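*Asks:*
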């Protein structure tokens with residue numbers, strides 16, 4: 136069964152990440168980024184978890200109470216925490232677990248299971264077989280959406296794709312120029328016009344994308360959530376325009392959330408999910424917060440997979456989300472401790 140397969144996660148991570156065999160340079164970079172990026176959460180959460188294991192060597196109600204507080208502080212979200220603790224209690228009873236040190240391993244496993252339940256959610260980007268892949272970027276202002284588009288462009292260009300950026304956030308002062316600057320910086324093709332209908336700009340931009348044989352088109356959109364109805368209509372119109380040009384597009388609609396906003400970010404995800412079809416989350420600024428648990432909370436509360444995470448300021452710091460690296464980044468000290 137799935138349960139028993141996942142039970143080995145703790146040991147699997149230990150084997151994968153603590154073996155000293157040479158890894159590819161890319162894997163090394165990734166591991167380091169996850170390591171550094173989750174440091175604040177790890178210091179806050181896991182060190183407290185370890186202390187808890189020293190304070191209570193035996194599993195007790197007091198242990199569970201303190202664990203509950205700890206998990207809520209890590210911003211995993213109250214509903215997720217409750218479900219999680221229920222599952223933990225069931226396993227403690229079923230497997231007759233008394234030792235908190237062993238329970239810590241079970242905690243790692245169960246957090247992983249929470250994330251992967253509902254296997255069909257993929258962290259991969261859906262690519263168009265023929266013609267441009269269109270990725271629509273949404274999110275409130277101030278979460279780092281434009282920067283994220285720039286970093287995604289950089290990533291795809293490095294992978295030898297021809298990338299185009301379309302500025303669909305046409306009314307916010309400076310938004311078009313900012314995106315154009317990212318296009319120049321990354322070597323992407325650009326299309327944008329200020330103070331005009333976003334759907335029209337996107338329409339013309341896609342004509343250019345086809346002429347230029349772009350592989351990947353990243354489309355910026357306005358981030359005004361205050362008036363949901365207007366934004367909904369605008370996004371509906373944008374989606375229609377994109378689909379008339381390229382059937383089946385947009386292939387992805389990625390919502391950008393600032394990890395530091397914690398529960399507020401989850402509310403944004405819920406709101407955007409009502410407005411348009413979100414296929415994935417980009418979680419920025421995860422390195423700057425101790426609320427790393429938000430990754431689990433988002434998945435649990437809105438059922439949308441995290442596809443990319445931002446682990447720093449640099450161009451390379453936007454990484455494809457990888458659940459095992461994430462869990463390792465959180466629990467590294469505990470996993471290595473078990474030597």
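Residue numbers (the working numbering): 136 to 474.
For glycine and all other residues, C-beta sits at the position ideal for the given N, C-alpha and C.
For clarity, every value in this text was computed on a predicted model and none was experimentally measured.
Report the CB separation of residue 358 from residue 280 in whole angstroms; it is logged as a contact under 8 angstroms.
*Replies:* At roughly 6 angstroms, the Cβ-Cβ gap stays under 8 angstroms, so residue 358 and residue 280 are in contact.
*Asks:* Which first and last residues belong to the alpha helix (DSSP H) in which residue 480 is found?
*Replies:* Given that the chain is displayed from residue 136 to residue 474, the structure contains no residue 480 and the question cannot be resolved.
*Asks:* Are residue 152 and residue 166 touching if we call contact CB-CB under 8 angstroms?
*Replies:* Result yes, Cβ atoms of residue 152 and residue 166 sit closer than 8 angstroms.
*Asks:* Please classify residue 318: does DSSP put it in a helix, a strand, or coil?
*Replies:* DSSP places residue 318 in helix when its eight states are reduced to three.
*Asks:* Within its chain, find whatever has a CB closer than 6 angstroms to the CB of residue 328; leave out the 5 residues flanking it on each side and keep chain order.
*Replies:* Answer for residue 328: 336, listed in chain order.
*Asks:* Based on DSSP bridge pairs, tell me the residues matched to residue 299.
*Replies:* Answer by DSSP bridge pairing, in chain order: 324 and 352.
*Asks:* According to DSSP, is residue 460 helix, strand or coil?
*Replies:* Helix, per DSSP.
*Asks:* What does a CB cutoff of less than 7 angstroms around residue 388 pick up in its chain, not counting 5 residues either side in sequence?
*Replies:* Closer than 7 angstroms at the Cβ level, and outside the excluded window around residue 388, lie 271, 273, 411, 412, 413 and 414.
*Asks:* Among 213, 214 and 184, which residue has its Cα nearest to the Cα of residue 201?
*Replies:* The option with the nearest alpha carbon to residue 201 is 184.
*Asks:* Taking residue 448 as part of the alpha helix (DSSP H), name the residues at either end of that continuous run.
*Replies:* Looking at the DSSP string, residue 448 is not in any alpha helix (DSSP H), and its letter there is neither H nor E.
*Asks:* Can you look up residue 313 in the DSSP assignment and give me helix, strand or coil?
*Replies:* DSSP places residue 313 in helix when its eight states are reduced to three.
*Asks:* Consult DSSP for residue 233 and reduce its assignment to one of helix, strand or coil.
*Replies:* If DSSP states are grouped into helix, strand and coil, residue 233 belongs with coil.
*Asks:* Taking all protein chains shown into account, do 16 or more other C-beta atoms lie within 10 angstroms of the C-beta of residue 139, making it buried, or fewer, making it exposed?
*Replies:* At residue 139 the pLDDT is 44, less than 50, meaning the model places this residue with poor confidence; the figure from the coordinates comes in the next sentence. Under this definition residue 139 is an exposed residue.
*Asks:* Could you work out which residue in 351, 284, 341 and 345 is closest to residue 320 when comparing CA atoms only?
*Replies:* It is 284.
*Asks:* If we count the other Cβ atoms within 10 Å of its Cβ and call it buried at 16 or more, is residue 186 buried or exposed?
*Replies:* Exposed: under 16 other Cβ atoms inside 10 Å.
*Asks:* Could you pull out every residue in the same chain whose Cβ sits closer than 7 angstroms to the Cβ of residue 306, ignoring the five residues on either side in sequence?
*Replies:* Answer for residue 306: 330 and 357, listed in chain order.
*Asks:* Report the rounded CA-to-CA distance for residue 190 versus residue 312, giving the unit in angstroms.
*Replies:* Rounded to whole angstroms, residue 190 to residue 312 spans 56 angstroms at the Cα level.
*Asks:* Do the CB positions of residue 404 and residue 416 come within less than 8 angstroms of each other?
*Replies:* The answer is yes: Cβ separation under 8 angstroms.
*Asks:* Going by the beta-carbon positions, is the gap between residue 300 and residue 265 smaller than 8 angstroms?
*Replies:* No, Cβ-Cβ distance for residue 300 and residue 265 is not below 8 angstroms.
*Asks:* Quick one: using the 10 Å Cβ neighbour count with 16 as the cut-off for buried, is residue 480 buried or exposed?
*Replies:* No statement about residue 480 is possible, as the shown extent of the chain runs from 136 to 474 and does not include it.
*Asks:* Can you grab the Cα-Cα spacing for the pair residue 377 / residue 204, in whole Å?
*Replies:* Approximately 46 angstroms between the Cα atoms of the pair.
*Asks:* Could you please give the first and the last residue of the uninterrupted alpha helix (DSSP H) stretch that includes residue 391?
*Replies:* Here residue 391 belongs to no alpha helix (DSSP H); instead the beta strand (DSSP E) covers 387-393.
*Asks:* What is the rounded straight-line gap between the Cα of residue 227 and the Cα of residue 241?
*Replies:* Their backbone Cα atoms lie some 9 angstroms apart in a straight line.
*Asks:* Quick one: what's got a C-beta closer than 8 angstroms to residue 350's C-beta in the same chain, skipping five residues either side?
*Replies:* Cβ within range, chain order: 267, 268, 291, 296, 297 and 298.
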